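First the structure, in the form of structure tokens, and then the observations on it.
Protein chains: 4
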Amino acid sequence: MEDYASAKLVEEKVFKDPVHGYVHVRDRVIWDLIATKEFQRLRRIRQLGTTFLVFHGAEHSRFNHSLGVYEIVRRIVDDVFEGRPEWDPNERLLALCAALLHDVGHGPFSHAFENVFGTNHEEYTRKVLLGHTEIHEVLIRVSREFPERVAQVIDKNYTNQQVVSLISSQIDADRMDYLQRDAYFTGVSYGHFDMGRILRVMRPRKDLIVIKSSGMHAVEDYIMSRYQMYLQIYFHPVSRSAETILNQILKRAKHLNQESYHFKFEPYHFKPFFNNSVSLEEYLALDESIMLTYFQFWMEEEDAILSDLCRRFVNRDLFEHVDLNPEEEPERYAWLIEQVKSIGLDPEYYVSPDSTSDLPYDMYRPGISTKSPIYLEMPTGEIRELSDQSHIVEAIATKIKTDYKVYYPKEIRL
Amino acid sequence: MEDYASAKLVEEKVFKDPVHGYVHVRDRVIWDLIATKEFQRLRRIRQLGTTFLVFHGAEHSRFNHSLGVYEIVRRIVDDVFEGRPEWDPNERLLALCAALLHDVGHGPFSHAFENVFGTNHEEYTRKVLLGHTEIHEVLIRVSREFPERVAQVIDKNYTNQQVVSLISSQIDADRMDYLQRDAYFTGVSYGHFDMGRILRVMRPRKDLIVIKSSGMHAVEDYIMSRYQMYLQIYFHPVSRSAETILNQILKRAKHLNQESYHFKFEPYHFKPFFNNSVSLEEYLALDESIMLTYFQFWMEEEDAILSDLCRRFVNRDLFEHVDLNPEEEPERYAWLIEQVKSIGLDPEYYVSPDSTSDLPYDMYRPGISTKSPIYLEMPTGEIRELSDQSHIVEAIATKIKTDYKVYYPKEIRL
Amino acid sequence: MEDYASAKLVEEKVFKDPVHGYVHVRDRVIWDLIATKEFQRLRRIRQLGTTFLVFHGAEHSRFNHSLGVYEIVRRIVDDVFEGRPEWDPNERLLALCAALLHDVGHGPFSHAFENVFGTNHEEYTRKVLLGHTEIHEVLIRVSREFPERVAQVIDKNYTNQQVVSLISSQIDADRMDYLQRDAYFTGVSYGHFDMGRILRVMRPRKDLIVIKSSGMHAVEDYIMSRYQMYLQIYFHPVSRSAETILNQILKRAKHLNQESYHFKFEPYHFKPFFNNSVSLEEYLALDESIMLTYFQFWMEEEDAILSDLCRRFVNRDLFEHVDLNPEEEPERYAWLIEQVKSIGLDPEYYVSPDSTSDLPYDMYRPGISTKSPIYLEMPTGEIRELSDQSHIVEAIATKIKTDYKVYYPKEIRL
Amino acid sequence: MEDYASAKLVEEKVFKDPVHGYVHVRDRVIWDLIATKEFQRLRRIRQLGTTFLVFHGAEHSRFNHSLGVYEIVRRIVDDVFEGRPEWDPNERLLALCAALLHDVGHGPFSHAFENVFGTNHEEYTRKVLLGHTEIHEVLIRVSREFPERVAQVIDKNYTNQQVVSLISSQIDADRMDYLQRDAYFTGVSYGHFDMGRILRVMRPRKDLIVIKSSGMHAVEDYIMSRYQMYLQIYFHPVSRSAETILNQILKRAKHLNQESYHFKFEPYHFKPFFNNSVSLEEYLALDESIMLTYFQFWMEEEDAILSDLCRRFVNRDLFEHVDLNPEEEPERYAWLIEQVKSIGLDPEYYVSPDSTSDLPYDMYRPGISTKSPIYLEMPTGEIRELSDQSHIVEAIATKIKTDYKVYYPKEIRL
């Protein structure tokens, strides 16, 4: 068993990657994990869900991103941590595997999907690691406890918090990859920061990872990039419009199923989700190709709401939006609902409030997020949380407001 | 009618594009064309077919590329040709529409698909322009003859060959976009050339477009980039392996249908293609999401060949290859077939010869290609074909050899 | 006269520029200005003074930068403002000339030089425009008042404040060029922002220039880039060390001259500055080649202080620094002076306090700076100052602290 | 002594470099060499001589380039060769030092200078390494033979030809740095190639370095970049015009000195060169600041030829050129000389033939160049010269023609 854990490929393999240049693989375990069907499935799930309907370049998959996260962790452990007394080299393979596999439980259009069906990609990641999967078969060859250890790292409760921090903290490899990758594929000029510099000043310390204070400005730049990417890309109102329609489609299909509606095209793959009884195999059988296929088929359904919403999504005929917080302006919201009713549409499906606090992105807010904050190590050895030290970061951390919008069909002219 | 042809948007719209920075739209006609369902459908067809299985970044769609070709033509006509006496400004909208729509008849994985079913994307482009489509409805509003004129430009038989050359020649906007775009998304360093410089020295002349000879070196660079992209990306042997399996899947499904095999999952969308009687609507109903969905379903089919080939494609378990031209080494080829038989596989589906001359990419070979060559205009006004003037280009044009490979399952160890 | 103002080159000329791609020149006036000896002289003055001793790429000249500022203004007036009713097209040439010439009065290592000799580059810019120069000869051909108008724009008191704002405001072409150019040549990853987007949302309004509020995030990004460039490049402590030595060299030479010291190598070019009586010709005769030549010669002087300081500068043997504000910690400062004395050095020349508030860079602090702030135009037409609208900018504008250091020879080990 | 050779800095030092990201220094010897005055002097010598007068970004120094060559060799030996049996790790420091110091004997505007005065920068490099210099003092601390070994590597006669090839062959670190660096600073889009890939497939073999054949296309791309850079930048006719004037200035000054002309401003630094008796110290005392200073002073000389040529150079009033090979068209050349005489100018100084074969750049021409060619290692282990294997390279290697021009003052209108 030990042999497999340390087995190297005869010759290093590389993947050409537009963000990191190359992704380097020398470990047989990593190579074998990439070849599993569960990992290959990530090619059929987009990294940014519906964002490609606004930024046409954003068609990249979670497969891309997962390789990128792996590569960043590999650079940290091989080029920066190796040989340092505070870093246990026996954790290397664990860190690499957790990085590669951290998103393996994601389903298609996860955010909307989980919203409607109550599934949880973190729970499914655990199941992929520990269940009857090709990934599990690879991991168990390393050692009997290895799959569970990978799961613990991804669940953030592994004893060695250094390993957890690499994958999941306020400046983890996950975020560093997606900020750069999403910037690259959308083509925006935000999202660039000097990752090389940040990696070079990362240091393993007891139970955590610190950034040497000489790298503070590079970290500030990273925080500012993150802020810009959130406002410009992740919180983009038109992308949230597509998301909203997706939500409504799934909600309608679920509702029709409850009502025993007879589908022309049976939602075979969705049944387990409608019935809240989903096997791992059923979960993994669904991807974005299949969801898009259903939506195209459902454009022919007799149910006017389902077919209309599908048509809107497939042909990109999205909803309009208005700045409106229903709780603060209940009358204006009620008026909007009336408008929708007046043109014969059901507000349940055609009026959708949405706020950025519903999104799975968190600004840097130490003390609020459960993720470990960014620690600077001063020349004296003292360790300080970043926003204590940086005025800019403090400003960003404290001043972000939630943005409230309500989406509605553009047939209504406000 | 004239009004619609010249109608401008109140405010210019832009699409953020990673290759060109921004794609600018001011014309209402262009805006309306982009919103049609037939154009939106291009989002579900990858620009590089199966290449994403080798270069993981290459997940970009023909939608991306089509906007890019439009933008290049827009820059040429608006920034370079406008005001020059040899250019007829009345051709502007025609050039823009033809650029935007030149690929609109492409189906999913066109190359393999057309190979097996004998369809032709150029023929379908014409049908999309002239048939009962949203695109046709937009074009006909410009003028009664306009849809036909767009089709003629794309078919290369429009009277004004300047317009044809913009879209389809050895240095057209189509190629300039895809070389750069495919380089960007794959992440390779080839594929860069100074397009800005080339555009600036393009000039409309009687019946053709020339490049001022001061730009010769930029054009040489473009030819060299093209050469490198072909060898590195488009002719990549592993990408051709995926293509080969795709071919075999379609061939097998067609065969099973002829044999009246009972599919668990009916190839509903493929029936018209099996029967060689495809309506435009049926053609457009197929895209890569749907094909991938079928392949996933077919992994469960009882036919061992179909299910195995689908599994290989979906999970990226590709064929190996060997350098071998069956015509030149028939015995070695026969031997390989025997090897495949000996492990119980049908060589009809598990041995696939492939050569680069089967691919839809042509090197620069003036006199052989039907596309108009690259003309340099010397300071004297004399016009010369590029390879007459450039030693490098002459070398590239004459020295390319066809590469022959045979693909086979990796269970066989040669 | 009118003819010359509107004369165009037969063919557009371009300069290849690493930051903007190309600098385009069509106006004869601009072409003639670039060819003047006073403009060519800017090739011999580095944009970032002594910074190349820390960031070795920063060897670029003010010639580069001046072309860049011109090009940005050209893009604004030709591509964005042209045709808008609030913009007077008769101001175009004036704006271009002022952009090109705004730095033409800069001397070698201006900051240190002006510090010691009390010269003022803005005053000399005016003299170059209005005195007996080749530049004046070109400008006067446009019209009798034209040189004076260019001077007024650069002095910020021209009546049309739109033109002034293009060259000199909190988001002027000067800053937009140098931030990007200095980032490019130093190689840092800060300094990038989406200038294309900012230019596209700039609008001329009565007496000012506004940014449409849809571009606010691009402007925030610009402000954050600026903040990072200041902290990382312009305020870099080692670069300030070189500056400090330069100051001391000039101070010592001036002092020696007052003391009638007999120079081995006569400071012929410095005499007018020592005597506070400098003609325009004498001013322009000095550039950084000549200063460096003197410093190399002076390494052979008998005066130990002058020769030592010159050797340190030429061979890059710079001073160390400590965080210390003499006013706040007078005893620690006095102690440092004693240390320097104790190794036989004169603290007058070997102890140099320096603070970032002495530097010619200002953070964005509306109300404090004399430069006009950044105005956002809301969709309602209302105009707001940026930091009223942006929390990030407010934070940056209010939280910057001055950094105090004292420089001393590294022979002293603190 | 051994200690010093292996001494490491407490903490790795980095230089921010726009081309390579960072230059990394861990060896004390390298750190000490960079601090020497002879190495710092390279800051005052431009990498591309007079090219900045055509490509304004090309103001970068040989200091930049030397650090870059060092960094490339460091990456090869530390990241690729280390641990391979064919590579002797004891050669590491030698390779790094030779890379860093290979240009240390270059004088100002070397090409023109050597042309007129017959000096030789390779000879002076040897003198700097072995003479009374700070560099020698550092090297001798490594071992008694070390300075001589460094000199042998740079002279290409060191016994281990692997080390020589790193610094000096058809694909050495010198060329790989300057192609990329010159492209970066001029801003041209040529000059990019995938150096990362080339480095990764370099292998040490007995007496040579090979490139694994899987990297052939990356090497082709390098050869094509080189070809483009030569034609576009290094052979640029306007840059050669400035070079021509420089030659004439030096020739005139030498002539005047021979004629015992009384200079207003004594050519103190040039005397040793005029008299062909130059000490190392005198050689190193000259740099481009000083040359430019002389040229500015000499604009005031009474000799009309010298002052006029200096004015042309300083104010960039360059010569025109015509395609003309005096040997092939003697009559046309004679006629041009007559034209120059007819306006009262001395053709000795105002008519300058120049051909690209005079330039210090060689295309890839195996068998002609003395530098070792590029070897590919085939999968079989067989070693082949690149142009045997690559049609493109063969074409480039055989088809380059020399370009002949004659330069003359633009007062003559041909």
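Chains as they are written, first to last, in my numbering: chain A, 5 to 418; chain B, 5 to 418; chain C, 5 to 418; chain D, 5 to 418.
Just so it is clear, CB atoms sit at the ideal spot from N, CA and C, and this is done for glycine as well.
Keep in mind the model is a prediction, meaning the values are calculated, not measured.
Runs of alpha helix (DSSP H) with 4 or more residues, each lying fully within the region 300–327 of chain A, are found at 308–318, listed in chain order. Nearest C-alpha to A39 of chain B among B:V14, B:A246, B:V142, B:T129: B:V142. At a cut-off of 8 Å between beta-carbon atoms, F113 of chain B makes no contact with chain A. Judged by DSSP secondary structure, P276 of chain A falls within the alpha helix (DSSP H) whose first and last residues are 275–278. Closer than 8 Å to the CB of M228 of chain B there is at least one CB belonging to chain D. In this structure, the straight-line span from the alpha carbon of T406 of chain D to that of E332 of chain D is close to 13 Å.
Near chain B, meaning a CB-to-CB distance below 9 Å, the residues of the region 169–198 of chain D are V192, S193, Y194, H196, F197, D198. D107 of chain D and N124 of chain D have their alpha carbons spaced roughly 12 Å apart. Among the residues of the region 49–69 of chain C, none has a Cβ less than 7 Å away from any Cβ of chain A.
Bounds of the alpha helix (DSSP H) holding G72 of chain B are 66–79. Taking a C-beta cut-off of 9 Å against chain C, none of the residues of the region 209–224 of chain B qualify. Closer than 8 Å to the CB of H395 of chain C there is at least one CB belonging to chain A. Taking a Cβ-Cβ threshold of 9 Å, the residues of chain D close to Y26 of chain A are G200, R201, R204, in chain order. In this structure S283 of chain B is exposed. Its beta-carbon is surrounded by fewer than 16 other beta-carbon atoms within 10 angstroms. Among the residues facing chain C, I294 of chain D is included, as its CB has a counterpart in that chain under 8 Å away.
Counting only residues of its own chain and dropping the five nearest sequence neighbours on each side, F43 of chain A has a CB closer than 7 Å to the CB of L37, V108, I139. Secondary structure in the region 192–266 of chain C: the beta strand (DSSP E) runs of 3 residues or longer, each lying completely within the stretch, are 206–209, 212–216 in chain order. With respect to chain B, the C-beta atom of L235 of chain D has a partner C-beta closer than 8 Å. Taking a beta-carbon distance threshold of 8 Å, R316 of chain C does not count as an interface residue toward chain D. Taking C-alpha positions only, D31 of chain B is separated from P151 of chain B by approximately 17 Å. Straight through space, the alpha carbons of A187 of chain C and I34 of chain D are spaced by roughly 27 Å. Taking 8 Å as the CB threshold, Q300 of chain A lines the interface with chain B. Neighbours of F278 of chain A in chain B, taken as residues whose beta carbon is under 9 Å from its own, are absent, since the nearest beta carbon is some 19 Å off.
Counting along the chain, R145 of chain B sits inside the alpha helix (DSSP H) bounded by residues 138–146.
In terms of Cα proximity to A338 of chain A, the closest of A:S356, A:F323, A:L322, A:D321 is A:S356. Neighbours of Q44 of chain B across chain A, judged by C-beta separation under 7 Å: N319, R320.
As the crow flies, the alpha-carbon of M220 of chain D is around 12 Å from that of F197 of chain D. The Cβ neighbour count for V77 of chain D, taken over all protein chains shown within 10 Å, is at least 16; the residue is labelled buried. Per the Cβ contact rule, the region 235–248 of chain C is in contact with the region 48–63 of chain C (3 or more Cβ pairs under 8 Å). Interface flag for I34 of chain C against chain A is unset, since no Cβ pair is found closer than 8 Å.
Residue A:L390 holds the alpha-carbon nearest to the alpha-carbon of Y226 of chain A among A:K17, A:D312, A:L390.
A Cβ-Cβ distance of about 11 Å is found for the pair E95 of chain C and V154 of chain C, leaving them out of contact under the 8 Å criterion. Residues of chain A with a Cβ closer than 9 Å to the Cβ of I400 of chain C are, in chain order, H395, I396, A399. Scanning chain A for C-beta atoms nearer than 7 Å to the C-beta of R78 of chain B yields nothing, as the closest lies near 16 Å away. C-alpha of F113 of chain C to C-alpha of E292 of chain C: approximately 7 Å in a straight line. Around the beta carbon of G72 of chain B, a 10 Å sphere encloses 16 or more other beta carbons of the protein chains shown; the residue is thus reported as buried.
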